[in-house]
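Below you'll find the structure, written out as structure tokens, and then a few comments.
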Amino acid sequence: MPKIDVYHTQPSAALFDIEHKAHAYPWSEVVFFQPSGPGTLWWAVSVDDRIAGFANTQLIADEVTLHNIAIDPSYQGQGLGQHLLQHILNYVDEHQALMFLEVRESNATAIHVYQRAGFSLVGRRPHYYASDSGREDALVMRRESK
Numbered sequence: 042m043p044k045i046d047v048y049h050t051q052p053s054a055a056l057f058d059i060e061h062k063a064h065a066y067p068w069s070e071v072v073f074f075q076p077s078g079p080g081t082l083w084w085a086v087s088v089d090d091r092i093a094g095f096a097n098t099q100l101i102a103d104e105v106t107l108h109n110i111a112i113d114p115s116y117q118g119q120g121l122g123q124h125l126l127q128h129i130l131n132y133v134d135e136h137q138a139l140m141f142l143e144v145r146e147s148n149a150t151a152i153h154v155y156q157r158a159g160f161s162l163v164g165r166r167p168h169y170y171a172s173d174s175g176r177e178d179a180l181v182m183r184r185e186s187k
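In the numbering used here, the protein residues as written are 42 to 187.
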């Protein structure tokens, strides 16, 4: 059985590499490595001590925003994204916070994962993301702490 760990980290070349492998429209290097604001946490998930994915969150007052989450394509489909998300949700619940995220309207897999985790649709940001056909809407989702 593989050893799976979730821990706090800092942005790194390894995470940036996963960002580019996992996303069709990844964050730029400038955005990825910009100094983090107060309440920002970088999370990593590893399998047998190899980084398989990451997330970036920010806690401000009683709200946590999931800014980014990515799993290396070679590790996708193994539940690591859900495992990482569950650790983040535990953190959110410990802080009795609301959690918000934005997701591409076309990302049905992620939307399903978020809905199963208790997120509900609360808004839409028209033409928010770049896409092959021009622009794509972002769905805004929210989850209340348990």
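Using N, Cα and C, we set each Cβ at its ideal position, and we do this for glycine too.
Return the chain-ordered list of same chain residues with a C-beta closer than 7 angstroms to the C-beta of residue i, the five sequence neighbours on each side being excluded.
i, result
"His64", "Ala111"
"Asp113", "Ile59, Lys62, Ala63, Ala93, Gly94"
Using the Cα positions of residue i and residue j, report the straight-line distance between them to the nearest angstrom.
i, j, result
"Trp83", "Leu100", "12 angstroms"
"Val86", "Ala138", "22 angstroms"
"Val71", "Ser161", "31 angstroms"
"Phe95", "Leu56", "7 angstroms"
"Gln117", "Asp103", "31 angstroms"
"Phe141", "Pro52", "21 angstroms"
"Gly109", "Asn97", "The residue you asked about is not Gly; residue 109 is Asn in the sequence shown. Looking at the two C-alpha atoms, the distance is approximately 5 angstroms."
"Ala158", "Ala54", "30 angstroms"
Start and end of the alpha helix (DSSP H) containing residue i?
i, result
"Gln123", "121-135"
"Tyr155", "149-157"
Assuming contact is defined by CB atoms lying nearer than 8 angstroms, are residue i and residue j in contact in what I supplied?
i, j, result
"Glu146", "Asp173", "no"
"Arg182", "Val133", "A quick correction: the sequence has Met, not Arg, at residue 182. No, these two residues do not count as a Cβ contact at 8 angstroms."
"Ile152", "Leu121", "no"
"Tyr66", "Tyr170", "yes"
The beta strand (DSSP E) with residue i in it runs from where to where?
i, result
"Phe141", "139-145"
"Tyr169", "161-172"
"Asp113", "Where Asp113 is concerned, there is no enclosing beta strand (DSSP E), given that its DSSP letter is neither H nor E."
"Glu177", "175-184"
Cutting at 6 angstroms between CB atoms, please list the residues of its own chain near residue i, excluding the five before and the five after it.
i, result
"Asp46", "Ser87"
"Ile163", "Per the sequence shown, residue 163 should be read as Val rather than Ile. Taken in chain order, the residues that qualify are Val181, Arg183."
"Val105", "Thr98, Val133, Ala138, Met140"
Report all residues from its chain with a CB closer than 8 angstroms to the CB of residue i; omit the five preceding and five following residues, and keep chain order.
i, result
"Ser186", "Val133, Asp134, His136, Gln137, Ala138, Leu139, Met140"
inquiry  = Please give the ranges of any alpha helix (DSSP H) in the stretch 48-91, keeping only runs that are unbroken, at least 4 residues long and fully inside the region.
reply    = Runs of the alpha helix (DSSP H) lying entirely within the stretch 48-91, each at least 4 residues long, are 54-63, 70-73 in chain order.
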